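Comments concern the structure below.
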Amino acid sequence: MAQSVWGYDSGNGERGSGTPGGTGLSAAEPGRRSLCLCLSGPERWHENYPLAKGDNQSPIEINSKDVRHDSSLATWHASYDPGAAKTILNNGRTCRVVFDDTFDRSVLRGGPLTGAYRLRQLHLHWGSSDDHGSEHVIDGVKYAAELHMVHWNPKHGNFAGALKQPDGVAVVGIFLKVGKTPKPEMKRILEEIDNIKTKGKEAPFQHFDPSILFPKSRDYWTYHGSFTTPPCEECITWILLREPIEVSSDQMAKLRSLSKNAENEPVNPLVDNWRPPQPLKGRIVRASFK
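The opening position of the sequence shown corresponds to residue 1 in the UniProt record's numbering, with each subsequent residue numbered one higher.
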């Protein structure tokens, strides 16, 4: 049985939009910039981040029989400016693409959301083999990887403010499955892997429209949850797309060629950077489809 084995270095937060050693830290945890917890795994995060045992934690396992179809859920729409893409980086825990979010140049609207949410970054979670790696689980099925597009609600003033509000952040989750017809658009990200092999590496990544990564179907599940890395703020409206996109086994191997260590340190493969499903605790998962 696959297990998530990654520790957590709070110096490189999943939420940030900047460089690994700088603004990559969660804006909600400025005082923890240099603290390396190096815990054995997600099951111990709550020892330093109590919210990790909160009532609205992510990811979750979605069981179709328990999902509620909601006919009032609208179609979601993304309007992304390719010029907003800035850099791609390896922060030791994921591969991340960073976007300019200083104004509404790349936004997500509709679906379960009220108003426009600005795109801040996208990143991926993957496993040590092709049979697991996604964070959310659908009817017992784990996919090879899961891509997260992170947006925030500008009505809260800034990203740090959005992290403190239940409607502060919206994440579009896309499942990646290994298949015979890999989505060619993934090549744009993967061809940059060689430039960010080790922790702390960052490279220019411009003129990229992430909407090319969306599947054809706009069907989705939605629920209220959290970030899947400490401090696990419960500020996210999740929009999980029903249709996965395909990648090749070679493309997945490319992701697994990243190292979680710096250039002058021994190679340590960056794999299994996923958090196991968390208890639903009475939350309702809604679907835009029957």
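Don't be surprised by glycine CBs; every beta carbon is placed ideally from N, CA and C.
All values reported here derive from a predicted model rather than from experimental measurement.
DSSP three-state label for residue i, please.
| i | result |
| --- | --- |
| Ile193 | helix |
| Leu163 | coil |
| Met252 | helix |
| Arg188 | helix |
| Glu47 | helix |
| Pro210 | helix |
| Ala287 | strand |
| Glu233 | coil |
| Pro269 | strand |
| Pro42 | helix |
When you compare the CB positions of residue i and residue j, do they come within less than 9 angstroms of one another, or not?
| i | j | result |
| --- | --- | --- |
| Pro215 | Pro244 | yes |
| His132 | Cys95 | no |
| Tyr49 | Pro230 | yes |
| Val107 | Arg118 | yes |
| Val141 | Leu241 | no |
| Ile110 | Ala162 | In the sequence as presented, Ile is not what sits at residue 110; that position holds Gly. Result no, Cβ atoms of Gly110 and Ala162 do not sit closer than 9 angstroms. |
| Pro82 | Asp209 | yes |
| Leu213 | Leu255 | no |
| Phe205 | Thr87 | yes |
| Thr228 | Ile239 | no |
| Ile168 | Cys235 | Strictly speaking, residue 168 in this sequence is Gly, with Ile absent from that position. Their beta carbons are under 9 angstroms apart, which means Gly168 touches Cys235 by this criterion. |
| Val137 | Pro59 | yes |
Could you please give me the residues that DSSP links to residue i through a beta bridge?
| i | result |
| --- | --- |
| Trp152 | Arg118, Val169 |
| Ala262 | DSSP output for Ala262 lists no bridge partner at all. |
| Leu240 | Gly173, Trp221 |
| Val141 | Ile138 |
| Val247 | Val178 |
| Leu147 | Leu124, Ile174 |
| Pro204 | Thr87 |
What number of angstroms, rounded off, separates the C-alpha of residue i from the C-alpha of residue j?
| i | j | result |
| --- | --- | --- |
| Lys201 | Arg105 | 26 angstroms |
| Lys290 | Leu270 | 37 angstroms |
| Ile193 | His224 | 32 angstroms |
| His207 | Asn195 | 17 angstroms |
| Lys177 | Trp274 | 15 angstroms |
| Trp152 | Ser259 | 29 angstroms |
| Gly92 | Arg286 | 34 angstroms |
| Glu265 | Gly54 | 36 angstroms |
| Ala78 | Ala253 | 29 angstroms |
| Ser71 | Lys199 | 45 angstroms |
| Val267 | Ile284 | 42 angstroms |
| Val97 | Ser64 | 32 angstroms |
| Ser129 | Val247 | 13 angstroms |
| Pro166 | Ser226 | 9 angstroms |
| Val67 | Ser211 | 27 angstroms |
| Gln278 | Met186 | 29 angstroms |
Should residue i be flagged as near chain D, meaning a C-beta pair shorter than 9 angstroms?
| i | result |
| --- | --- |
| Thr114 | Absent from the structure: chain D. Only one protein chain is present. |
Enumerate, from N- to C-terminal direction, the unbroken beta strand (DSSP E) stretches of 3 or more residues contained entirely within the region 54-133.
-> 76-79, 85-90, 95-99, 107-110, 117-126
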